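A.B. asks: With the working numbering, letter number 378 in the sequence shown gets 376, and the count goes up by one each step, no holes. Glycine residues also receive a C-beta, built at the ideal position from the N, C-alpha and C atoms. On a predicted model such as this, the values are computed, not experimentally measured, just so you know.
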Amino acid sequence: MPTRPAPPGPTTRDLPPPPGVTLVPGGADVAVYAGHADGVDVCLFEAGDGEGASERRVPLRERAHGWWFGFVPGMGPGTRYGLRVDGPWDPDHGLHHNPTKLLLDPYAGAVEGDVTWGPEVYGHHVDATWHGDLERRSALDSRGHVPRCVVVDHAFDWGEDRAPGRSRSETVLYEVHVRNQTMLHPGVPEALRGTYAGLAHPASVEHLLSLGVTAVELLPVHAFTHEPHLVRRGLTNHWGYNTLGFLAPHAPYAAAADPQGVVDEVKGMVKLLHAAGLEVVLDVVFNHTAEQGRTGATLSWRGLDQRAYYRLDERGRDIDVTGCGNTLDLRHPVVCRMVLDSLRHWVQEYHVDGFRFDLAVALGRGRGDDFDPDHPFLVALRTDPVLSRVMLVAEPWDLGMHGWRTGQFPPPFLEWNDRFRDTARRFWVGDARAQAHGLRGHDARELATRLTGSRDLFGARDRGPTASVNFVTAHDGFTLADLVAHDHKHNDANGEGNHDGSDGNGSWNHGTEGPTDDPEVLEARRRAMRGLLGTLFLSQGVPMLTAGDELGRTQHGNNNPYCQDNELSWVDWSLAPWQEDLLATTRHLTALRRTMPVLRQRTWLTGREVDDDGTLDVAWFAADGAPMGDRWHDGGVRVLQMALAAPADDQAGALLVVNGAAHPVEVTLPTTGGYRLVWDSAWERPPADGEPVDGGAVVPAMTLRLYASGPS
-1 MPTRPAPPGP TTRDLPPPPG VTLVPGGADV AVYAGHADGV DVCLFEAGDG EGASERRVPL
59 RERAHGWWFG FVPGMGPGTR YGLRVDGPWD PDHGLHHNPT KLLLDPYAGA VEGDVTWGPE
119 VYGHHVDATW HGDLERRSAL DSRGHVPRCV VVDHAFDWGE DRAPGRSRSE TVLYEVHVRN
179 QTMLHPGVPE ALRGTYAGLA HPASVEHLLS LGVTAVELLP VHAFTHEPHL VRRGLTNHWG
239 YNTLGFLAPH APYAAAADPQ GVVDEVKGMV KLLHAAGLEV VLDVVFNHTA EQGRTGATLS
299 WRGLDQRAYY RLDERGRDID VTGCGNTLDL RHPVVCRMVL DSLRHWVQEY HVDGFRFDLA
359 VALGRGRGDD FDPDHPFLVA LRTDPVLSRV MLVAEPWDLG MHGWRTGQFP PPFLEWNDRF
419 RDTARRFWVG DARAQAHGLR GHDARELATR LTGSRDLFGA RDRGPTASVN FVTAHDGFTL
479 ADLVAHDHKH NDANGEGNHD GSDGNGSWNH GTEGPTDDPE VLEARRRAMR GLLGTLFLSQ
539 GVPMLTAGDE LGRTQHGNNN PYCQDNELSW VDWSLAPWQE DLLATTRHLT ALRRTMPVLR
599 QRTWLTGREV DDDGTLDVAW FAADGAPMGD RWHDGGVRVL QMALAAPADD QAGALLVVNG
659 AAHPVEVTLP TTGGYRLVWD SAWERPPADG EPVDGGAVVP AMTLRLYASG PS
């Protein structure tokens, strides 16, 4: 925690100190926002006192602009504390104050313990005869049933740590779950598996480096808890999209047992990943909290000031655009400040390199409840001297009205490109299925748009192709292997009657549902996976690979294992020969992208002349080697060639040949270029270095090829 001298003059101040706990000589200044409260107490506990018999209450006696603040003697690193807030109880006007509920400080630097679900954690009466009325419960204290805040010391030996500073055109994102990645990794010591330290272990880092990724995008590592309906079924919120604290790391992911050790372990992970040249991006959940709807628990924000923190209608009901019961209201300056302070905290104290914003549209909904690209929060992000310099990635949708906003976020945001995902899946999987059943697949025009960076979505405001985060799978949905092996989701293990998870997966089992020994089916599945990976890594934009897809990881058809902390979700590192081949293919593709700048350009490809001989930055040819011309408008064209001019004389140009037909096609390469084949999705495994390669003139069905021209 920062230390500063005690303020001069009288104890009463016009302005509060910084939010949360600020260490000063002899104790700490504490500031909490509770704009409609009548009183706020800081409650101090001895370490290890789970029942809270040692509780000592210190009232905050100063108040300004809705902030309660004051000096708490003896408070320092290691202090366990919580908050109690008294005030009016009027749920129909958004007021849920109840002093029997111990609350978390939204600015807590560490959180110890978890929620024990029972009637004690609810501010209102909840029992077997409850019918939804919200009568304040005063008999049950939540102390002993909720986590405690812990004051931590943020001093850390960063040594020579510095951000890798990758350009966006170089970036290859790897979406990874801290626990899943190493729980079964044989090279990681057992005590470190599934932890921050395990992710940064040399055996884990070696895989990341050999894979050619440049940044890990971590599923949520903010402190979170598990929904009561999952706990009743013996499950957990494994993905972590259920936040308890925005400035505190999730302690169960640490090998360390004490809160200070957890904080230091996260910093150590970032430091080691940076030393290996890897950036760290956090998936952050600021659209909702773990308190669910207004009939949910009182854990922090609801008990402090429900009206300030959450979007409510005129009857005090939640305006839920997240599907999780509540929506944080970033129109309120205190909430907006909390989110910005959290982001700066993770950059300045933990040295992270960027953020991916879950359901980002919810963060930009303005006074009329519609999305506003110039929302004050988005403007603040873009102008903040710290945050405007890190990677900002939007998931450009939420579940509210008009929630899909792909391409509409302002620069410098990058955005998850769901149109890329859907187009790639449709071309290589859905259309293959259609053709196998005698139907005609879609033509290749939209695929061509995605290959060149999706200018139709990101062409405005001078954003460039690196605004598009291209992906074919993500944590939610089928894995790459399951996408080509299942027609239907198989989510029964989640206990929701197979009703959870998406029904629109764009998948095809290639004739047999799930596991099979049929060699033709297996070969077709593997080729489809390679076509998808090739499209991902050979397109303009920023590719994102889901952890385990390079290994052909399966979730056995479960497309929503958010509650499965077991072998269903953990990466299995025991690989069959075909998985070794897929890993070699992925490494080969990332290496081609790294060594061929033509595949990762910062500016749009528009068909402009780039040389005196009339060479175009991008040119399109049909199977016969002649320009596409009017054939773009022929129905059902699924064969095309995309020629990319070398961006510099000493670099290679590229030619992508796409055959999306259900039969082999003879292709004549363009007459200029001197092309050599460097990858073919028909290959089970890339040839060894120096091994002669000749793909021939006939391109097999459903195949993507890459040729290089110019310097080798």
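1) On the criterion of 16 or more Cβ atoms from any shown chain inside 10 Å, does Arg54 qualify as buried, or is it exposed?
2) Indicate the three-state DSSP secondary structure (helix, strand or coil) for His122 in the structure shown.
3) On the DSSP bridge list, what partners appear for Glu173?
4) How many angstroms separate the CA atom of Asp715 from the CA atom of Ser386?
5) In terms of DSSP beta bridges, what is Trp677 paired with?
6) Would a C-beta distance cut-off of 8 Å place Ser52 and Leu100 closer than the cut-off?
7) Just to confirm, are Met640 and Ala446 a CB contact at a threshold of 8 Å?
8) Under DSSP, the beta strand (DSSP E) around Val482 begins and ends at which residues?
9) When burial is assigned at 16 or more other CB atoms within 10 Å of the CB, is Arg443 buried or exposed?
10) Give me the Cα-Cα distance between Phe425 and Ala32, rounded to the nearest whole angstrom.
11) Which whole-angstrom value describes the C-beta separation of Leu654 and Leu702, a residue pair presumed to lie in contact below a C-beta threshold of 8 Å?
12) Considering Cα atoms alone, identify which of Val384, Gly398 and Asp416 is closest to Ala392.
13) Where Gly111 and Gly50 are concerned, what is the direct C-alpha to C-alpha distance, given to the nearest angstrom?
14) If you draw a straight line from the alpha carbon of His122 to that of Tyr308, how long is it in whole angstroms?
15) Can you find the residues in the same chain that come closer than 6 Å, C-beta to C-beta, to Val337, ignoring five residues on each side of it along the sequence?
16) Is it buried or exposed for Asp396, if we count other Cβ within 10 angstroms and need 16 for buried?
17) Does DSSP classify Met640 as helix, strand or coil?
18) Output yes or no for whether 8 Å exceeds the beta carbon distance between Ser340 and Phe244.
19) Residues in its own chain within less than 6 Å of Ala249 by CB, not counting five upstream and five downstream?
20) Quick one: what's Leu653 bridged to in DSSP?
21) Would you call Arg2 buried or exposed, if buried means 16 or more other Cβ atoms sit within 10 Å of its Cβ?
22) Taking just the CA atoms, how far does Asp441 sit from Val635?
23) Let's see if you can read the secondary structure: which residues bound the beta strand (DSSP E) around Cys561?
24) Let me check one thing: in DSSP terms, what residues is Met389 bridge-paired to?
25) Hey, could you find the ends of the alpha helix (DSSP H) Gly196 is sitting in?
26) Pull up the CB-CB distance for Thr293 and Thr241, whole angstroms please, since I reckon it's below 8 Å.
27) May I ask which residues mark the beginning and end of the alpha helix (DSSP H) holding Cys322?
28) Sort Val656, Gln562 and Trp344 by Cα distance to Val388 and report the nearest one.
29) Quick check: the region 550 to 559 against the region 584 to 599, are at least 3 beta-carbon pairs closer than 8 Å?
30) Check Leu745 in the structure and name its three-state DSSP category.
31) Excluding the five sequence neighbours on either side, which residues of its own chain have a C-beta within less than 6 Å of the C-beta of Ala254, listed in chain order?
32) At the 8 Å Cβ level, is Arg443 part of the contact set with chain C, yes or no?
33) Which of the three DSSP states is assigned to Asp628 in this structure?
34) Please return the same chain residues whose Cβ sits closer than 8 Å to the Cβ of Leu692, not counting the five positions on each side in sequence.
35) Could you tell me how far apart the beta carbons of Arg354 and Asp474 are, in whole angstroms, since I believe they sit closer than 8 Å?
36) Looking at C-beta atoms only, is the number of pairs between the region 196 to 212 and the region 577 to 592 that lie closer than 8 Å three or more?
C.D. replies: According to the data block:
1) So Arg54 counts as exposed.
2) In the three-state reduction of the DSSP assignment, His122 falls in the strand class, which pools E and B.
3) DSSP lists Glu215 and Thr544 as partners of Glu173.
4) Not covered by the structure: residue 715. The range shown for the chain is -1 to 710.
5) Note: Trp677 sits in a beta bridge opposite Leu704.
6) Result no, Cβ atoms of Ser52 and Leu100 do not sit closer than 8 Å.
7) Result yes, Cβ atoms of Met640 and Ala446 sit closer than 8 Å.
8) DSSP places Val482 in no beta strand (DSSP E); its state is neither H nor E.
9) Per the 10 Å Cβ criterion, exposed.
10) Whole-angstrom Cα-Cα distance: 53 Å.
11) Indeed, because the Cβ distance is near 7 Å, the residues count as touching under 8 Å.
12) By alpha-carbon distance to Ala392, the top candidate from Val384, Gly398 and Asp416 is Asp416.
13) If I take the Cα positions, the gap works out to 13 Å.
14) Straight across, the Cα-Cα distance linking His122 with Tyr308 is about 18 Å.
15) Once the five neighbours on either side are set aside, the close Cβ partners of Val337 are Phe284.
16) Buried.
17) Strand.
18) Against a cut-off of 8 Å, the Cβ pair of Phe244 and Ser340 comes out as a contact.
19) Once the five neighbours on either side are set aside, the close Cβ partners of Ala249 are Val260.
20) DSSP lists Ala641 and Tyr705 as partners of Leu653.
21) Unreliable positioning characterises Arg2 in this predicted model, as indicated by a pLDDT of 47, which lies under 50. The coordinate reading is nonetheless provided below. By the 10 Å Cβ count, Arg2 comes out exposed.
22) Whole-angstrom Cα-Cα distance: 5 Å.
23) Neither: Cys561 is in no beta strand (DSSP E) and is coded neither H nor E.
24) Answer is Gly352.
25) For Gly196, the enclosing alpha helix (DSSP H) has its first and last residue at Tyr194 to Leu197.
26) Between Thr293 and Thr241 a beta carbon distance of about 19 Å is seen, past the 8 Å cut, so the two are scored as non-contacting.
27) Annotation for Cys322: no alpha helix (DSSP H) segment contains it, and DSSP assigns it neither H nor E.
28) Of the candidates Val656, Gln562 and Trp344, the one whose C-alpha sits nearest the C-alpha of Val388 is Trp344.
29) With contact defined as three or more Cβ pairs closer than 8 Å, the region 584 to 599 and the region 550 to 559 are not in contact.
30) The structure shown does not extend to residue 745, since the chain is modelled only from -1 to 710, so the question has no answer here.
31) Listed in chain order, the non-local C-beta contacts of Ala254 below 6 Å within the same chain comprise Val260 and Glu263, local neighbours out to five positions each way being set aside.
32) Considering every chain present, this structure includes no chain C. It has just one protein chain.
33) Helix, per DSSP.
34) The sequence given here places Asp at residue 692; Leu does not occur at that position. When the five nearest sequence neighbours on each side are left out, the beta carbons in the same chain lying within less than 8 Å of the beta carbon of Asp692 are those of Leu675, in order along the chain.
35) In fact, because the Cβ distance is near 13 Å, the residues do not count as touching under 8 Å.
36) Yes: the two stretches touch, three or more of their Cβ pairs being nearer than 8 Å.
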